[in-house]
Amino acid sequence: MPTRPLDTSTPAPIDTSRPFGAHLRMNWWKPLVIVALLPVAMVLLQIVFYYAAAMIEGRDDPLTNEMTPLTLLANNLSVAVTGLLAVSFVARLAEVPWRSLLSSSRGLDSRRWRVYSGSSTLLVAAGVALVALVAPADTGWTDFGITSTTGALLLVIVLTTPLQAAGEELIFRGTMLPAIASWVPATRWALLTGLVGSSLVFALIHGSADPWLLGYFTVVGVCTGLMAVLSRGLEAPIAFHVCNNVVVTLLNSLFADGGTSAYERSVGAGGPSYLILAAVNLAVVGLVWLYERGWHRPGKWTEMSS
983 MPTRPLDTST PAPIDTSRPF GAHLRMNWWK PLVIVALLPV AMVLLQIVFY
1033 YAAAMIEGRD DPLTNEMTPL TLLANNLSVA VTGLLAVSFV ARLAEVPWRS
1083 LLSSSRGLDS RRWRVYSGSS TLLVAAGVAL VALVAPADTG WTDFGITSTT
1133 GALLLVIVLT TPLQAAGEEL IFRGTMLPAI ASWVPATRWA LLTGLVGSSL
1183 VFALIHGSAD PWLLGYFTVV GVCTGLMAVL SRGLEAPIAF HVCNNVVVTL
1233 LNSLFADGGT SAYERSVGAG GPSYLILAAV NLAVVGLVWL YERGWHRPGK
1283 WTEMSS
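Per the numbering used here, numbering of the sequence shown is gapless, rising by one per residue and ending at 1288.
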């Protein structure tokens, strides 16, 4: 009995021959929808959550840059919800399993979580300490103080800031990076296009007119994207992003003299001290590269560590 030839006119939605970040295949218009829709959804959800926080607190300015406990909670939850919606939406649109947006050619790995979380915490803490030493005014800190406001902020940070950081990685590295890269057939150029495109959107969505901050957010986007590509998944960028945001917001809250801190993103808010923080990002990329080299070569990691 003659067999029916396979239909190869439509490429598989996941290309296992390409690395994570360039592994999705979809029609040209689908990345346009993703790039246009996800940032808008993120901003709209933030506005809704911010207005809800303002109503509860009785504030007239719902879009204040002052990070009260409820404002911080609104920001964190809105980004976390957007991240979950992004994964669900892109998985349906690209017709791929949602897990393929978290890692490629392997499953999620708890060991990577532990290694990258511990090392990122140490490097971020060292970077912030160096900024406080050489440019103390750039930290925005006043005096150490603990009040009920501080306690509420610390609780919100510990419980929800990891969700916010993970949400941003799901949006920009889990979905937007491979979506933009799918436009380009050549793998290297696809990765470059995805990294640059998703990083620029990531920087712009943070809404800073300061060139130092805009440049720093772009570096964060490129570096976390490289972490994802090198490790073939999101454990490394999520671990770094969580540690960075938790450490920074904890310190900002503890050194706000018992009050609240504000996220200043106007012109003049940044400065050369952000080069130190950018160097921390690059250091984590280097660590991920070294670790992943050892991970894929049995015995090499032990040799490198000894």
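Ideal Cβ placement from N, Cα and C applies to all residues, glycine included.
By how many angstroms is the C-alpha of residue j removed from the C-alpha of residue i?
| i | j | result |
| --- | --- | --- |
| Y1273 | R1081 | 23 Å |
| V1017 | L1182 | 11 Å |
| P1051 | V1140 | 12 Å |
| I1029 | A1036 | 10 Å |
| L1045 | Y1032 | 6 Å |
| A1265 | W1271 | 10 Å |
| Y1245 | V1166 | 37 Å |
| T1242 | F1199 | 23 Å |
| P1118 | T998 | 48 Å |
| L1145 | N1057 | 10 Å |
| L1186 | L1105 | 26 Å |
| H1223 | T1131 | 25 Å |
| G1003 | A1062 | 21 Å |
| S1180 | G1203 | 7 Å |
| A1168 | N1234 | 44 Å |
| L1212 | L1054 | 32 Å |
| L1066 | L1026 | 15 Å |
| I996 | G1109 | 38 Å |
| S1085 | D1091 | 10 Å |
| G1127 | L1269 | 35 Å |
| P1219 | D1043 | 34 Å |
| A1107 | S1248 | 25 Å |
Can you tell me the Cβ-Cβ gap for residue i and residue j, rounded? I've got them flagged as a contact below 8 Å.
| i | j | result |
| --- | --- | --- |
| M1158 | L1020 | 6 Å |
| A1221 | S1102 | 6 Å |
| D1120 | D1239 | D1120 to D1239, Cβ: 17 Å. No contact. |
| T1231 | G1149 | With 8 Å as the limit, T1231 and G1149 do not qualify as a contact, their Cβ atoms being about 15 Å apart. |
DSSP on residue i, reduced to helix/strand/coil?
| i | result |
| --- | --- |
| L1145 | helix |
| G1197 | helix |
| S1060 | helix |
| A1238 | coil |
| L1045 | coil |
| A1004 | coil |
| G1252 | coil |
| A994 | coil |
| G1215 | strand |
Quick check on residue i: buried or exposed, where buried means 16 or more other Cβ atoms within 10 Å of its Cβ?
| i | result |
| --- | --- |
| E1151 | buried |
| W1194 | buried |
| I1153 | buried |
| N1047 | exposed |
| V1022 | exposed |
| G1156 | buried |
| E1077 | exposed |
| G1100 | exposed |
| R1275 | exposed |
| A1161 | buried |
| R1074 | exposed |
| E1039 | exposed |
Length-filtered (4 minimum) alpha helix (DSSP H) runs lying within the segment 1070 to 1129: 1092 to 1116
Which ranges would you report for the alpha helix (DSSP H) in the segment 1147 to 1212 if only whole runs of at least 4 residues count? 1159 to 1163 and 1169 to 1187
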